[in-house]
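Add 14 to the 1-based position in the sequence shown for our numbering, that's all there is to it.
Ideal Cβ positions, reconstructed from N, Cα and C, are used throughout, including at glycine.
Down below is the structure, laid out as structure tokens.
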Amino acid sequence: MMNNVIVVASGKGGTGKSTVCICLSTALVKQGKKVLLIDSDSGMRGLDIMLDIEQELLFDASDAVCGNCSFAEAVYKSRRNDDLYLMAAPFDAENELSPSVFRQLVDTVRDSFDYIIIDSPAGIGSGFVTAAAPADRALIVTNAEPTSLRGGVKVRKKLESAGVKDIRLVINRFDKKMFKKLGFYPDLDAVIDASQTQLIAVVPFSVELSAIIQRGEIGVGSNSAMEVFDRLARRLDGQRVPLII
Ligand SMILES: Nc1ncnc2c1ncn2[C@@H]1O[C@H](COP(=O)(O)OP(=O)(O)OP(=O)(O)O)[C@@H](O)[C@H]1O
Ligand SMILES: [Mg+2]
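If you want it as structure tokens, here you go:
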């Protein structure tokens, strides 16, 4: 499958990359896609908790590469979604994969999935370079504030020089009232301008969503923010669906 390896990155930490990865993957699965999520945040993994399979993990990506297990054994089925799978980042940061090894790893599994979503560590360090190496496309997750956006621009430049062509912006944790009150930008257009990146989704601030994700309960109930991810999934799939803001 071409062009469906997507890295989710950000300049600053905590903008919501892992949350976006989980919600987007869930939305893609709902639309009939088979999805592999790769946690690429070595030493700081979190997706296993968010998918409620923390207890089941025995092997991580570095085990598959070293031959401690087969590739299949390093891929775990999520508890609540039959077509959603996870490959965990190396449990120890010192086992971080090199960009070329990670690219080879993704190449071995890419034909088995409709989408591969890679959760990058924040910033433009070695972990990010590895996470981005196999990517055809990227989502930059930012909050509507200056430091977060500046980080996003740096990440975009790195992605571009690494040859990733299709780069889109996700503005996360957006709260209209708070945005007005803070007054960093007159409107969302100014945020998009500052990001220098084409917008693909605006995710509302939602305490409810945050709680669902942290409890590993994605897919159990419904949440209004999920509508945004359904649309994001369709837009990534090339469908013409309007944004909701
Ligand atoms: N749309 C949202 N509304 C409310 N809270 C959110 C939203 N998105 C993320 N959060 C919360 O923000 C915090 C950081 O989110 P998350 O872990 O997804 O960020 P991250 O970018 O992966 O962080 P890191 O850089 O540490 O990997 C979490 O507590 C999460 O629940
Ligand atoms: Mg994260």
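Continuous alpha helix (DSSP H) stretch holding residue i: start and end
i       : result
Asp-281 : What is shown of the chain runs 15 to 259, which leaves residue 281 out entirely.
Arg-229 : Run containing Arg-229: none; DSSP gives neither H nor E here.
Gly-141 : 140-146
Ile-259 : Taken as a continuous stretch (DSSP letters only), Ile-259 belongs to no alpha helix (DSSP H), as it is neither H nor E.
Thr-29  : Note, Thr-29: premise wrong, no alpha helix (DSSP H); not H, not E.
Tyr-78  : Residue identity differs from the one stated: residue 78 is Ala in this sequence, not Tyr. 75-80 is the extent of the alpha helix (DSSP H) around Ala-78.
Arg-124 : No alpha helix (DSSP H) holds Arg-124; DSSP gives it neither H nor E.
First through last residue of the beta strand (DSSP E) which encompasses residue i
i       : result
Pro-135 : Taken as a continuous stretch (DSSP letters only), Pro-135 belongs to no beta strand (DSSP E), as it is neither H nor E.
Arg-151 : 151-156
Ile-20  : 19-23
Strand pairing of residue i, partner residues [DSSP]
i       : result
Lys-91  : Tyr-99
Asp-53  : Asp-133
Arg-248 : Answer is none; Arg-248 lacks a bridge partner.
Val-216 : Ile-185
Environment of residue i [buried if 16+ CB atoms lie within 10 Å]
i       : result
Cys-80  : exposed
Met-192 : exposed
Lys-194 : exposed
Gly-233 : buried
Thr-161 : exposed
Arg-59  : buried
Thr-29  : buried
Glu-110 : buried
Gly-334 : Past the edges of the chain, shown from 15 to 259, lies residue 334, and the structure says nothing about it.
Ile-260 : Past the edges of the chain, shown from 15 to 259, lies residue 260, and the structure says nothing about it.
Lys-171 : exposed
Gly-177 : exposed
Val-221 : exposed
Asp-121 : exposed
Proximity test, Cβ basis, 8 Å: residue i and chain C
i       : result
Leu-202 : Among the chains in the structure shown there is no chain C, since it carries only a single protein chain.
Entirely within the segment 161-214 and at least 3 residues each: give me those beta strand (DSSP E) ranges in chain order. 180-188
For the segment 92-111 against the segment 43-50, do three or more pairs of beta-carbon atoms, one drawn from each stretch, fall closer than 8 Å, so that the two count as touching? yes
Three-pair Cβ contact test at 8 Å for the segment 166-177 versus the segment 208-221: yes
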